[in-house]
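Following: one structure in structure tokens, then a few remarks.
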Amino acid sequence: MYPYLSKYEWLAMADELLRHQAPDVVDLCVRFFLAESRGVSDGRIRALLARRFKHCQLGRTHRDQLVACIARRLTEGNFSEQFKDQLRLALLLDRQAILAAAAGCAHRRAYVRQYALWVLAHAP
């Protein structure tokens with residue numbers, strides 16, 4: 175789990191992630207990203223973190239956790255606003271894994287399938 179922080183504290187944490195990439199800050203941000211919270215700004219904060227993670231040196235464990243989480247959100251249709259930022263991160267971290275998840279996505283909702291098609295459009 176992660177500690178409760180306000181929207182502004184999470185924004186400051188995302189900035190800290192870029193400046194110092196301290197292991198405890200990276201770990202805290204990854205834990206928040208992986209959590210299935212539904213706060214008012216949580217989707218936007220995850221999108222911001224996804225954009226920040228692209229500039230960080232993430233360890234193999236964190237990369238695998240992030241890609242697995244994003245792939246699960248895609249296949250289950252369990253995502254909120256600005257999800258393409260998360261998909262872009264997954265494409266950067268492990269293109270083959272997210273392409274495989276998108277190829278297997280047969281969700282009943284059309285908008286979820288559209289996101290899967292968007293990912294597949296990035297296949298080599």
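Residue numbers (our numbering): 175 to 298.
Positions of the beta carbon are idealized from the N, C-alpha and C atoms, including for glycine.
(1) For the alpha helix (DSSP H) that contains Tyr178, what are its first and last residues?
(2) From Val293, Phe227 and Ala284, pick the residue whose C-alpha is nearest to that of Asp189; which is it?
(3) What is the DSSP secondary structure of Phe253, reduced to helix, strand or coil?
(4) For my contact list, Ser211 and Lys181 are in at a C-beta cut-off of 8 Å; report their separation, rounded to the angstrom.
(5) Classify Asp198 as buried or exposed, calling it buried when 16 or more other Cβ atoms lie within 10 Å of its own Cβ.
(6) Going by CA-CA distance only, name the one from Gln231, Ser254, Arg193 and Ala186 that's closest to Val286.
(7) Does DSSP put Gly217 in a helix, a strand or coil?
(8) So, using beta-carbon positions, are Ile323 and Gln231 closer together than 8 Å?
Taking the structure as given:
(1) Segment: none, Tyr178 is in no alpha helix (DSSP H) and carries neither H nor E.
(2) Phe227
(3) coil
(4) Wrong, their Cβ atoms sit about 12 Å apart, outside the cutoff.
(5) exposed
(6) Ser254
(7) helix
(8) Any answer about residue 323 is impossible in this case: the structure gives the chain only from 175 up to 298.
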